[in-house]
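Numbering (this note's numbering), first residue to last: 234 to 341. Even for Gly, the Cβ is constructed at its ideal location relative to N, Cα and C. Computed from a predicted model, the values in this text were never measured in an experiment. To keep things clear, I will list the structure first and then write my remarks on it.
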Amino acid sequence: MNTEPCVECGDVPELLDEDLTCGECRIRIHLGATVMKKTVKFTVEEITHGEVEVEIDVPEEFLDEDGEVSDDDALRDWLEDNENEWYELELVFCEIQSKEVVEVVNTY
């Protein structure tokens with residue numbers, strides 16, 4: 234019975250190869266040397282935070298007597314409902330908040 238530890242992982246298996254590695258480490262080393270290139274197609278979800286600056290006609294219902302916006306929440310809802318007014322514009326500022334691989338679609 235073997236009492237020597239594997240030089241790679243430190244485990245003491247029943248058998249060691251001549252290079253003093255256990256079977257699992259020997260396989261990992263061998264496979265690491267023969268990595269196969271694959272084409273992997275996957276879906277990524279990217280959440281960004283951005284700022285848009287645009288001159289648009291704000292409906293009067295959101296303005297007070299002085300012409301100032303009186304209800305930011307209602308105006309935000311209106312902008313979300315009317316994204317055709319601004320969606321295609323260049324962002325003044327854009328920052329990626331998170332990026333996540335959603336699923337692997339295909340590997341070949």
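L249 is classed as buried because its beta carbon has at least 16 other beta carbons within 10 Å across all chains shown.
Using a Cβ distance threshold of 8 Å, V277 and E333 count as a contacting pair. For the set G283, I260, D314, the Cα lying nearest the Cα of C327 is the one of G283. Take the alpha-carbon of T272 and the one of Y341: they are about 5 Å apart. For the pair I262 and Q330, the CB atoms are not nearer than the 8 Å cut-off. Between F295 and W319, the C-beta gap is not smaller than 8 Å, which leaves the two residues out of contact.
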